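Colleague: Residue numbers (this note's numbering), protein chains in the order written: chain A, 1 to 357; chain B, 1 to 357; chain C, 1 to 357; chain G, 1 to 357.
Following this message is one structure expressed as structure tokens.
Number of protein chains: 4
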Amino acid sequence: MFNSFGEIFRFTTFGESHGKAIGVVIDGVPSGMDFDEEFLINELDRRRPGKNRFATARKELDTPEILSGIFEGKTTGTPIAIVIFNKDQKSKDYGNIKDIFRPGHADFTYFHKYGIRDYKGGGRSSARETAARVAAGAVAKMILKEFNIKIEAGTVEIGGIRAQNLDYEYAKTSPLFALDSKIEKEWINIIDKARNEHNSLGGVVKLKIENLPIGLGEPVYYKLDNILASAMVSINAVKGIYIGNANSHKLTGFNNNDEISKNGFLSNNSGGVLGGISNGENIELEIYFKPTPSIFKPQKSIDIYGNEVEVNLKGRHDPIVAIRGSVVAEAMAASVVVDMLMLNATRTIDKLKKIYQ
Amino acid sequence: MFNSFGEIFRFTTFGESHGKAIGVVIDGVPSGMDFDEEFLINELDRRRPGKNRFATARKELDTPEILSGIFEGKTTGTPIAIVIFNKDQKSKDYGNIKDIFRPGHADFTYFHKYGIRDYKGGGRSSARETAARVAAGAVAKMILKEFNIKIEAGTVEIGGIRAQNLDYEYAKTSPLFALDSKIEKEWINIIDKARNEHNSLGGVVKLKIENLPIGLGEPVYYKLDNILASAMVSINAVKGIYIGNANSHKLTGFNNNDEISKNGFLSNNSGGVLGGISNGENIELEIYFKPTPSIFKPQKSIDIYGNEVEVNLKGRHDPIVAIRGSVVAEAMAASVVVDMLMLNATRTIDKLKKIYQ
Amino acid sequence: MFNSFGEIFRFTTFGESHGKAIGVVIDGVPSGMDFDEEFLINELDRRRPGKNRFATARKELDTPEILSGIFEGKTTGTPIAIVIFNKDQKSKDYGNIKDIFRPGHADFTYFHKYGIRDYKGGGRSSARETAARVAAGAVAKMILKEFNIKIEAGTVEIGGIRAQNLDYEYAKTSPLFALDSKIEKEWINIIDKARNEHNSLGGVVKLKIENLPIGLGEPVYYKLDNILASAMVSINAVKGIYIGNANSHKLTGFNNNDEISKNGFLSNNSGGVLGGISNGENIELEIYFKPTPSIFKPQKSIDIYGNEVEVNLKGRHDPIVAIRGSVVAEAMAASVVVDMLMLNATRTIDKLKKIYQ
Amino acid sequence: MFNSFGEIFRFTTFGESHGKAIGVVIDGVPSGMDFDEEFLINELDRRRPGKNRFATARKELDTPEILSGIFEGKTTGTPIAIVIFNKDQKSKDYGNIKDIFRPGHADFTYFHKYGIRDYKGGGRSSARETAARVAAGAVAKMILKEFNIKIEAGTVEIGGIRAQNLDYEYAKTSPLFALDSKIEKEWINIIDKARNEHNSLGGVVKLKIENLPIGLGEPVYYKLDNILASAMVSINAVKGIYIGNANSHKLTGFNNNDEISKNGFLSNNSGGVLGGISNGENIELEIYFKPTPSIFKPQKSIDIYGNEVEVNLKGRHDPIVAIRGSVVAEAMAASVVVDMLMLNATRTIDKLKKIYQ
């Protein structure tokens, strides 16, 4: 149950970084919807590794095979299974750290929890798993398109340097998903510097949801915001999130409250959520990514026998995992929103009656 | 299902601020444990309103009535139902805002979602619901005591002013749950100032979990950290959280990674979680509370008919909701940890066999 | 999670037979519906013990206290908590069997599972818990009334003697919920005989659901029929169920298949379910109850120390638990159907769009 | 969520009869267990179609491809994904009933629920989906082997003719999974007769679970018996189940109660379950299968436009679906038992402490 996400729109992922395949089974997709395979491929391509020097050099085409749930181009309401076969595993890269824990990496905790060391490429803890999330998110986005709900994300901070003017359109074409074209060059410089020093960088992703109906989010443990928080922090390397104005905790009530006029809210410090329920404004949230733990500088560690060692990593890793995080964050947000759309559909007796008239 | 939290250790809360009662049903409590009713009362008392000028003036003794699940002082393994009858509702305080939406408040979204205006004291969206969480958390803490797992929280920032030296023992006796005795006076001053100006303040709570076994947290959507995130953001007024060093996104991998020696990790930037699984270090997280939205300064708003109005609030509200948030955050964290303890118990075939030997 | 039932319409029960109270928290009730408290009281009254000699002599008025979820007579969409305080516990009746296992009773398994002996009245395993189910079912029926869906049940067999002509209207006024007025007298005779011999009887309940829309039931593990099966077998003393013609397994395909005309199915061997989904015909099922295990004839057993003993029971028990089972079966069926109505509401993209237009 | 089964040991199936593949993702498998691929293949082979004239003539080798969750021959604790690619679809067999509803078949309800007609081989409603269940069940059985828990099933009744002397060992080698070697010939005769008449037969499967620990099953909605009921009725063509002596409802309490001695129960009318919890005796249940609805005799029906038609079926179908039902019933039971083993592991504080010592 723990490799599944969502209640009605629920997806289950499987697969290890260097195993045969990764994949996802998506349950709860409504029937009768055109299935846009090209869009799915395109979303996977946005996250795909090996495209440029800002992501891992691993070459994976990430071509999805759809095994079920589609009939003559339409969704049938049955589970959609999507498999991506791994092609470019280089498991021997991991030979020299077979028995060594990498600082900042999940191999330490997986080993102690499961008593098993799947040393090849991080096994299930690898960010490669997020390709399966992106596939689920692509299907979620197909549903959201029917409601004109739009989800966009981009990089708002790298290595402590913050974007100023956010432009979600620009981010789409930027290799860094940069929200600010002016700062992009500076970011590229510090990334290149970090990579040359065999180091990595952290960053911040900003995500926006537009055109959400008022009323999405259930009380009090399946709120829109706490489930978005759960979704985001479940992404590899995410350590924190903030909904709305990330300074709200420093403000007074008078300054933080969004006043209301006939035409809507006069500000959006709330980030579109009040009491865990969407208020019709844009949902806005920030997602904080730690730097990629896999770096190529020597570090102190121990091996599985408890001996102290120096880690000297090989392999291929993103210099900054936050970048591709934008695509994964969008996917997770899309899944949350679809689930909330469905759950909200029966929350008043009038809505429920409308369905069966 | 949405007023329930947890998978094995699962509690369900009910009740409105100005209804007859609030309460909780706690399922999944192991049998054979001494039930410490005094501890339950004490935990509720820590959160209880009306104790001092830093919380709402509403007087509620919050005396719990235990309806089930205990037999001759011991837990039986059946659901523990705890009810707290409301005593000091002053619903007429809300008469003048019967039809008016309070800026920053959930009444707008609840009305639009449910088509119902339970204007008295915020109904289900009131922070009064958190007393039920504290009751569940008290039971969770009883279980954790059997494992010497300790959860503590306190205030680390108010109105943008940050504590320097954290002392969780001090926090226990402080009316502000202040983690730093030196800064307490300054905080009291700015709170008094805010109250005199009919305003409110935001703040930050810091939470620590000690002595957690390695291995708690499931992959990949029921991780220790994303469920803690979900738990925390589900608390009223929480807008963000951060696990571990809240600057990790600004650091390089080399600086952020916690190196490992024979005797454990050499630092704890990770906040005790790697890959969503506890690594044996203290869990540390920060929880960001917005300022209480209910303030007594006039603000622009609309009524349920869409007319623009000026809101002039009466009633009794916390000048800073973050303070009592410490107790609620501890309760939610305790529930998460108990659930994770149970889930982890069957994750290896050796553990499962141990049970049935 | 295991004292909860349902996915969207989900109720959670608590309470022991001889504890302070039993009760239920009902989550997922749509808002804006008139809450018919009188109907709730009436449903509880139908199940209530102490009314006649066909049920236990325990006198409980089973007056429900509604603690939450209703505002000015209407449902608010928040959890409805209903508590029934126990009044007529006679726990001393159980003094002489404090350490003895009753043959056919759950006290043996509860003791071995939980290591605790709540000997008073069966604790959580008592059929008294079903009052909480009936309360939840009453709320479910209020929802079904909005859709003109009707659920009725009655006794179709007692002690091996089968009713011939089923009349659900007659059952409503019969003290045995007898579906056949002609056979009622014979049934009364064998019940009286069994009681006089300090014995008990088994029986069969038949349940019918009318006016169900086509399409309720999800594939493939949350089908209408397997969830009905789960619901029914969870009722105390139920050992089996059958959907549709209870001879289907003896028939050929040609005889069992229901042919179809323009005006619908030409027979209803399927009991209204095909592939786990309602087909528009009446849902019909049979529920098999074992005889009440608590009898007043001496029987061989052991005590908790393993000594062989003769059990001589006191206390008050139904001579045939199947009778009041009709009311509980209706309640469980109503909860299942409401849940299925809600789940089905978002299964096609057209339905989902209809909601948000 | 509705194509998933179980709580901790949870599997999710996907795939259509004539789609690309069917498969299953199994979550919650403990790590560190030898994975017996040969056993998996063997279990699938037991259910496999095309082996003899008592099952459909469709030739599928049902070779499983394991995509994840195994590392160097051992389970890793991560999801095990198993895919079976379809080989012998003959979708054109269905061309002549493209628009026609088959009496007794789920195509009517699927069409009305989803608005989509996946006419090829029944789509998701086909019993072909049960191969995925058998794969999950094989993994469950591997776990049960560690506890010496044995699950066996066989045919106990065909076309109304009942087996007398049950021999589970014999069933293993019988093409009918017949529990009684003496009656097998008679059964073969009536099956051959039914097939020659283009008809089909119903039947009854009996299932036994040996060596189950006392204490499995949660109160009160996740009991061992009601979840077994749910599991069994979710199998295609199952219309009813009975736990223990299938005449219990006809008996008196005195006759039905199982008396207890020092050495255990003196009879097993309960079928090994009291109050929904295992009592240490063998679990025994009967599962009632309707006859295969797909027959080759003309029947009255309608098409999707509402026109009345005569159905003349082609294609390949089991003359009696109950036979292969034995294998599927075992698989479902194994999954239920593993889940219950895990859930029970943390139900007392002593058990939970044992794990972490």
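By construction, the Cβ of each residue, glycine as well, lies at the ideal position given by its N, Cα and C atoms.
Note that the structure is a prediction, hence the values are computed from the model and not measured.
In or out: R58 of chain G buried (at least 16 other Cβ within 10 Å) or exposed?
Modeller: Counting Cβ neighbours within 10 Å, R58 of chain G comes out buried, since at least 16 surround it.
Colleague: Are the C-beta of T155 of chain G and some C-beta of chain B separated by less than 8 Å?
Modeller: No, no contact with chain B.
Colleague: Using 8 Å as the limit for Cβ to Cβ distance, is T348 of chain G near chain B?
Modeller: Chain B contact via Cβ: present.
Colleague: Name, please, each residue of chain B whose Cβ falls closer than 9 Å to the Cβ of T76 of chain C.
Modeller: Here the neighbours are E16, Y110, Y114, I116, D118, G123, R124.
Colleague: Which of the three DSSP states, helix, strand or coil, is assigned to L201 of chain G?
Modeller: Correct three-state label for L201 of chain G: strand.
Colleague: Once DSSP output is grouped into helix, strand and coil, what is the label at I283 of chain G?
Modeller: Here I283 of chain G sits in strand by DSSP.
Colleague: Keeping to the same chain, check which residues put their C-beta closer than 6 Å to that of T78 of chain C; ignore five residues upstream and five downstream.
Modeller: Correct list, in chain order: G69.
Colleague: Can you check whether the CB of G32 of chain C is closer than 8 Å to the CB of D350 of chain A?
Modeller: Result yes, Cβ atoms of D350 of chain A and G32 of chain C sit closer than 8 Å.
Colleague: Give the straight-line distance between the Cα atoms of I304 of chain G and V321 of chain G, rounded to the nearest whole angstrom.
Modeller: Approximately 26 Å between the Cα atoms of the pair.
Colleague: Can you look up K150 of chain B in the DSSP assignment and give me helix, strand or coil?
Modeller: Note: K150 of chain B maps to strand in three-state DSSP.
Colleague: Helix, strand or coil: which one does DSSP assign to G119 of chain B?
Modeller: The amino acid at residue 119 of chain B is misidentified as Gly; the sequence shows Tyr. Three-state result, Y119 of chain B: coil.
Colleague: Determine the extent of the alpha helix (DSSP H) in which T348 of chain A is found, giving its start and end residues.
Modeller: Here T348 of chain A belongs to no alpha helix (DSSP H), and DSSP marks it neither H nor E.
Colleague: Let me know if D225 of chain G comes out buried or exposed under the rule of 16 or more other beta-carbons within 10 Å of its beta-carbon.
Modeller: The residue in question, D225 of chain G, is buried, as its Cβ has 16 or more Cβ neighbours within 10 Å.
Colleague: Quick one: using the 10 Å Cβ neighbour count with 16 as the cut-off for buried, is P298 of chain B buried or exposed?
Modeller: P298 of chain B should be labelled exposed.
Colleague: Below 8 Å, how does it come out for the stretch 183-197 of chain A and the stretch 336-344 of chain A: are there three or more Cβ pairs, yes or no?
Modeller: As far as the Cβ criterion goes, the stretch 183-197 of chain A does not touch the stretch 336-344 of chain A, which means the pair count is below three.
Colleague: In chain order, what residues of the same chain lie with their CB nearer than 8 Å to the CB of Y39 of chain G, ignoring the 5 residues before and after it?
Modeller: For the sequence presented, residue 39 of chain G should be read as Phe rather than Tyr. Here the set comprises A138, K141, M142.
Colleague: So what does DSSP say about L274 of chain A, is it helix, strand or coil?
Modeller: It is a strand residue.
Colleague: Counting only Cβ-Cβ distances shorter than 7 Å, please list the residues of the stretch 284-306 of chain G near chain C, keeping chain order.
Modeller: Listed by position, the residues of the stretch 284-306 of chain G near chain C (Cβ gap below 7 Å) are Y288, F289, K290, P291, T292, P293, I295, K297, Q299, K300, S301, I302, G306.
Colleague: According to DSSP, is I295 of chain G helix, strand or coil?
Modeller: If DSSP states are grouped into helix, strand and coil, I295 of chain G belongs with coil.
Colleague: Do you know how far the Cα of D258 of chain C is from the Cα of I190 of chain G?
Modeller: Distance between the alpha carbons of I190 of chain G and D258 of chain C is about 22 Å.
Colleague: Given that G32 of chain C touches chain A, what residues does it touch there, using C-beta distances under 7 Å?
Modeller: By Cβ distance, chain A contributes T348, I349, D350.
Colleague: Drop a sphere of 10 angstroms on the beta-carbon of R53 of chain C, count the other beta-carbons inside from all chains shown, and report buried for 16 or more, exposed for fewer.
Modeller: Per the 10 Å Cβ criterion, exposed.
Colleague: Is it right to say R162 of chain A is buried, meaning 16 or more other beta carbons lie within 10 angstroms of its own, or is it exposed?
Modeller: So R162 of chain A counts as exposed.
Colleague: For the pair the stretch 266-286 of chain A and the stretch 108-115 of chain B, tell me if three or more CB-CB distances fall below 8 Å.
Modeller: They touch, by the three-pair rule.
Colleague: Can you tell me the Cα-Cα spacing of N165 of chain B and L179 of chain B, whole angstroms?
Modeller: For N165 of chain B and L179 of chain B, the distance between alpha carbons rounds to 7 Å.
Colleague: Kindly indicate which residue of B:L212, B:N148, B:G272 has the alpha-carbon position closest to the one of N245 of chain B.
Modeller: Measuring from the Cα of N245 of chain B, the nearest candidate turns out to be B:G272.
Colleague: Does any C-beta atom of chain G lie closer than 8 Å to the C-beta of F71 of chain A?
Modeller: F71 of chain A counts as touching chain G.
Colleague: Buried or exposed for E129 of chain G, please, with buried defined as at least 16 other CB atoms from any protein chain shown within 10 angstroms of its CB.
Modeller: Buried, since its Cβ has 16 or more Cβ neighbours within 10 Å.
Colleague: Mapping the DSSP letters down to three states, classify F5 of chain A as helix, strand or coil.
Modeller: Three-state DSSP puts F5 of chain A in a strand.
Colleague: Straight-line CA distance for V16 of chain C to D339 of chain G?
Modeller: A small correction: the amino acid at residue 16 of chain C is Glu; Val does not occupy that position in the sequence shown. The alpha-carbon atoms of E16 of chain C and D339 of chain G are separated by roughly 26 Å.
Colleague: When DSSP labels each residue in this structure, what does Y242 of chain G get in the three-state scheme?
Modeller: Here Y242 of chain G sits in strand by DSSP.
Colleague: K98 of chain B: buried (16+ other C-beta within 10 angstroms of its C-beta) or exposed?
Modeller: So K98 of chain B ends up on the exposed side.
Colleague: Starting from T85 of chain A and walking both ways along the beta strand (DSSP E), at which residues does that stretch end?
Modeller: It is worth fixing the name first, because residue 85 of chain A is Phe in this sequence and not Thr. Where F85 of chain A is concerned, the enclosing beta strand (DSSP E) stretches over 80-85.
Colleague: So, is E286 of chain B buried or exposed, given that buried needs 16 or more other C-beta atoms within 10 angstroms?
Modeller: With 16 or more other Cβ atoms within 10 Å, it is buried.
Colleague: How would you call D318 of chain A, buried or exposed, if buried means at least 16 neighbouring beta carbons within 10 angstroms?
Modeller: Classification of D318 of chain A: buried, given that the 10 Å Cβ count is 16 or more.
Colleague: Does any residue of chain C have a CB that is nearer than 8 Å to the CB of V219 of chain G?
Modeller: Contrary to the premise, residue 219 of chain G reads as Pro rather than Val in this sequence. By this cut-off, P219 of chain G is an interface position.
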